[in-house]
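A short worksheet on the structure shown next.
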Amino acid sequence: MKVRAFFFASLREAVETDVLDIDIGDGASLIDLRRCLAARLREDQMAALDAADVRVAVNRRLVHDGEAAVLAAGDEIAFMPPVTGG
Amino acid sequence: MKVRAFFFASLREAVETDVLDIDIGDGASLIDLRRCLAARLREDQMAALDAADVRVAVNRRLVHDGEAAVLAAGDEIAFMPPVTGG
Amino acid sequence: MSIRIQEDDFSLDREWDALRKRIGGSAGSIVAFAGLVRERARAGEEVSGLFLEHYPGMTESSMERIVEQARGRWPLQDVVVIHRVGDLRPGDQIVLVLVASAHRGAAFAGCEFVMDMLKTKAVFWKKEVRTGSKGTWVRSTGDDFERAKHWRNDGE
Amino acid sequence: MSIRIQEDDFSLDREWDALRKRIGGSAGSIVAFAGLVRERARAGEEVSGLFLEHYPGMTESSMERIVEQARGRWPLQDVVVIHRVGDLRPGDQIVLVLVASAHRGAAFAGCEFVMDMLKTKAVFWKKEVRTGSKGTWVRSTGDDFERAKHWRNDGE
Numbered sequence: 040m041k042v043r044a045f046f047f048a049s050l051r052e053a054v055e056t057d058v059l060d061i062d063i064g065d066g067a068s069l070i071d072l073r074r075c076l077a078a079r080l081r082e083d084q085m086a087a088l089d090a091a092d093v094r095v096a097v098n099r100r101l102v103h104d105g106e107a108a109v110l111a112a113g114d115e116i117a118f119m120p121p122v123t124g125g
Numbered sequence: 040m041k042v043r044a045f046f047f048a049s050l051r052e053a054v055e056t057d058v059l060d061i062d063i064g065d066g067a068s069l070i071d072l073r074r075c076l077a078a079r080l081r082e083d084q085m086a087a088l089d090a091a092d093v094r095v096a097v098n099r100r101l102v103h104d105g106e107a108a109v110l111a112a113g114d115e116i117a118f119m120p121p122v123t124g125g
Numbered sequence: 495m496s497i498r499i500q501e502d503d504f505s506l507d508r509e510w511d512a513l514r515k516r517i518g519g520s521a522g523s524i525v526a527f528a529g530l531v532r533e534r535a536r537a538g539e540e541v542s543g544l545f546l547e548h549y550p551g552m553t554e555s556s557m558e559r560i561v562e563q564a565r566g567r568w569p570l571q572d573v574v575v576i577h578r579v580g581d582l583r584p585g586d587q588i589v590l591v592l593v594a595s596a597h598r599g600a601a602f603a604g605c606e607f608v609m610d611m612l613k614t615k616a617v618f619w620k621k622e623v624r625t626g627s628k629g630t631w632v633r634s635t636g637d638d639f640e641r642a643k644h645w646r647n648d649g650e
Numbered sequence: 495m496s497i498r499i500q501e502d503d504f505s506l507d508r509e510w511d512a513l514r515k516r517i518g519g520s521a522g523s524i525v526a527f528a529g530l531v532r533e534r535a536r537a538g539e540e541v542s543g544l545f546l547e548h549y550p551g552m553t554e555s556s557m558e559r560i561v562e563q564a565r566g567r568w569p570l571q572d573v574v575v576i577h578r579v580g581d582l583r584p585g586d587q588i589v590l591v592l593v594a595s596a597h598r599g600a601a602f603a604g605c606e607f608v609m610d611m612l613k614t615k616a617v618f619w620k621k622e623v624r625t626g627s628k629g630t631w632v633r634s635t636g637d638d639f640e641r642a643k644h645w646r647n648d649g650e
């Protein structure tokens, strides 16, 4: 199935793109997605995505239980560094 | 000497004028001024001026020590009910 | 800095633009408060208007003192206070307080402080006018005094 | 009620007038906060601009949640939040929060709460751009987190 990974702000700069289309096996989890990304990105890029303060949203909802979430075709997975508005 | 007494808001309504010109002896105090006013105003009007929450300003400065202040010719004495702005 | 008393309405837009020109890129936060005439009094009765009275000279001094106190407590770059007097109708603007600071906490606190002091210390008198009645002179509420008092104890 | 994200500048005047029309004589207090781009970063370095980024859809939800929380805590008659994105320059307006209430304490608290939450919870990213450097992504400060936290403990 196909999912899309989005990268914002400092992570967009680190990964050098704002979106990656990813082909992944049905029923894949976020852990599987990270493995896919690790295969395509440099080590320093993965380190940026793996930082403790990076939050992940699936279809624009924060995933609080983390890596266990099972993905579905067409899912949008966003990697977000710490936010600040105002 | 001549001084002027000003009345604001509810006191203006009670006294039925916003200002009274008063002729008073040199060196008169606020106590003397009140005596002068008592001679010219009705009892209910004086009661309004004597209310505990009425503050008195001489030349636009609050008189904190009250009745002892000695007046000078041309002084403006203001009788002010509780203020509220905003 | 500007402190004014006027019968005419004020334009928030004009004051805001002038303030922004004065502060340029030096202050990051502007807080504005506007008080409007409410169509109902505290007890719920319909109000047809508000009459505001002041004591020229003394009222200005009382406002200046309030603004000075605010500037002594917080790093405020600019403060504007405009207070209307005369006859106002429901929905009309009564008062505008604009505060600019590099720190939003200071801008909020400064603006709220000025308002709380205007409610209890500034030399104005307000009469609520009602259809078919003589009207009532408004007094600061217990809440107004509590708010004014809290600034004395509070390190904020 | 209005929550918007836009590249274009906003007009406080237009928002203010629209708000006043909506509330009529029913609310006595309006508090406005505007955040402007400062010409100096926290450490004092000159800033040539700010770049703001958001996540369409998710950012709006985060703002709606903040406004809902504010309305759950205080009796607010109307709330407007406008947040700009894209490239901004020193002195430019970034964000506008307008809150109307019958009670000035509620209007002040509601506006300050929304700002404190925007600083720490709203899905935006800000980069300070400096002449001759790559720029720095801004993070909420310790003070921002303290302010956001104080609303949790505080009965205000």
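Protein chains in written order, with the numbering used here: chain A, 40 to 125; chain B, 40 to 125; chain C, 495 to 650; chain D, 495 to 650.
C-beta atoms are modelled at their ideal positions from N, C-alpha and C, and glycine is treated no differently.
Keep in mind that this is a model prediction, so the values were computed, not measured.
With a Cβ-Cβ cutoff of 8 Å, do residue i and residue j count as a contact?
| i | j | result |
| --- | --- | --- |
| C/A596 | D/R532 | yes |
| C/E501 | C/G551 | no |
| C/E622 | C/V541 | yes |
| A/A53 | A/A87 | yes |
| D/A616 | A/G124 | yes |
| D/A600 | D/W568 | yes |
| C/I681 | C/E562 | Since the first residue shown for chain C is 495 and the last is 650, residue 681 of chain C is missing from the structure and cannot be characterised. |
| D/L506 | C/D507 | yes |
Within the 8 Å Cβ cut-off, does residue i reach chain D?
| i | result |
| --- | --- |
| C/L506 | yes |
| C/G649 | Residue placement at C/G649 cannot be trusted, given a pLDDT of 49 that sits under 50; what the coordinates show is reported in the next sentence. It does not: the Cβ of C/G649 has no partner Cβ on chain D nearer than 8 Å. |
| C/G636 | no |
| C/W510 | yes |
| C/I497 | no |
| C/G538 | no |
Please name the residue, chosen from the options, that lies closest to residue i on a Cα-to-Cα basis.
| i | options | result |
| --- | --- | --- |
| B/F118 | C/A537, C/E606, C/L590 and C/H548 | C/H548 |
| D/M546 | D/F618, D/G629 and D/F607 | Looking at the sequence itself, residue 546 of chain D is Leu, so the reference to Met does not match. Minimum Cα distance to D/L546 is reached at D/F618. |
| A/P120 | D/R559, D/L506 and D/K620 | D/K620 |
| A/S68 | A/G124, A/T123, A/L88 and A/I116 | A/I116 |
| D/G629 | D/G543, D/R578 and D/A564 | D/G543 |
| D/R578 | D/F504, D/E509 and D/R508 | D/F504 |
| C/D511 | D/A528, D/W645 and D/I499 | D/A528 |
| B/D65 | B/T56, B/Q84, B/V42 and B/A90 | B/V42 |
| A/M85 | A/V109, A/N98 and A/R73 | A/R73 |
| D/R514 | D/V574, D/M611 and D/R536 | D/V574 |
| D/M521 | C/G518, C/G522 and C/R534 | At residue 521 of chain D the sequence reads Ala, which differs from the Met that was named. Of the listed residues, the one whose Cα sits closest to D/A521 is C/R534. |
| C/A564 | C/P584, C/V608 and C/G599 | C/V608 |
| C/S523 | D/G519, D/S523, D/G585 and D/P569 | D/G585 |
| A/A78 | A/A111, A/D92, A/I63 and A/A91 | A/I63 |
| C/I499 | C/M557, C/F639, C/R624 and C/R598 | C/M557 |
| D/R516 | D/L506, D/M495 and D/D507 | D/M495 |
| C/R559 | C/E640, C/T614, C/A526 and C/R598 | C/T614 |
| A/V93 | A/V122, A/E82 and A/E55 | A/V122 |
| A/V97 | A/E82, A/L50 and A/A107 | A/A107 |
| C/L592 | C/R583, C/L582 and C/I576 | C/I576 |
| D/D479 | C/T625, C/D572, C/F639 and C/R598 | Any property of residue 479 of chain D remains undetermined from this structure, which presents chain D solely from 495 to 650. |
| A/D60 | A/A44, A/H103, A/D71 and A/L50 | A/A44 |
| C/W645 | C/S627, C/Q571 and C/D610 | C/D610 |
Would you mind telling me which residues of chain C sit closer than 9 Å to residue i, beta carbon to beta carbon, in chain order?
| i | result |
| --- | --- |
| B/F96 | A small correction: the amino acid at residue 96 of chain B is Ala; Phe does not occupy that position in the sequence shown. Under the 9 Å cutoff, chain C gives Y549, M552 and V617. |
| D/A521 | L530 and R532 |
Is the CB of residue i under 8 Å away from at least one CB in chain B?
| i | result |
| --- | --- |
| C/L612 | yes |
Any beta-carbon of chain C closer than 8 Å to the one on residue i?
| i | result |
| --- | --- |
| B/G113 | no |
| D/E533 | yes |
| D/L530 | yes |
| D/R598 | yes |
| B/H103 | no |
| D/G629 | no |
| D/G585 | yes |
Determine whether the Cβ of residue i lies closer than 8 Å to any Cβ atom of chain A.
| i | result |
| --- | --- |
| D/S542 | no |
| D/V700 | Since the first and last residues shown for chain D are 495 and 650, residue 700 of chain D lies out of range. |
List, in order along the chain, the chain B residues whose C-beta lies closer than 9 Å to that of residue i?
| i | result |
| --- | --- |
| C/V623 | Ordered by position in chain B, no residue passes the 9 Å Cβ test against C/V623, which lies about 13 Å from the chain. |
Taking Cβ-Cβ distances shorter than 7 Å, what residues in chain A pair up with residue i?
| i | result |
| --- | --- |
| D/R633 | P121 and T123 |
Just to make sure I have the definition right: I need the residues of chain B whose C-beta is within less than 7 Å of the C-beta of residue i. Which are they?
| i | result |
| --- | --- |
| C/K620 | T123 |
Kindly list, in the order they appear in chain C, the residues whose Cβ is closer than 8 Å to that of residue i.
| i | result |
| --- | --- |
| B/R99 | Y549, G551, M552 and S555 |
| B/A117 | Y549 and M552 |
| D/G690 | Any answer about residue 690 of chain D is impossible in this case: the structure gives chain D only from 495 up to 650. |
So residue i contacts chain C; which residues on that side make the cut at Cβ distance below 7 Å?
| i | result |
| --- | --- |
| B/F157 | Nothing about residue 157 of chain B can be read from this structure; chain B reaches only from 40 to 125. |
| D/E606 | F602 |
Taking residue i as the query, report the chain D residues whose CB atoms sit under 8 Å from its CB, ordered along the chain.
| i | result |
| --- | --- |
| C/A642 | In chain order: nothing, as chain D lies at least about 12 Å away. |
Could you list which residues in chain A have their beta carbon closer than 8 Å to that of residue i, in chain order?
| i | result |
| --- | --- |
| D/V589 | G124 and G125 |
Would you say the beta carbon of residue i is closer than 7 Å to some non-hydrogen atom of the ligand SAH?
| i | result |
| --- | --- |
| D/P550 | Summarising the ligand content, the structure contains no ligands, and the ligand SAH is consequently not present. |
Every unbroken alpha helix (DSSP H) within the stretch 555-631 of chain C, with a cutoff of 4 residues, ordered by chain: 598-614
To test your reading of the DSSP string, which unbroken beta strand (DSSP E) runs of 3 or more residues are found completely within the stretch 497-559 of chain D? 523-530 and 543-548
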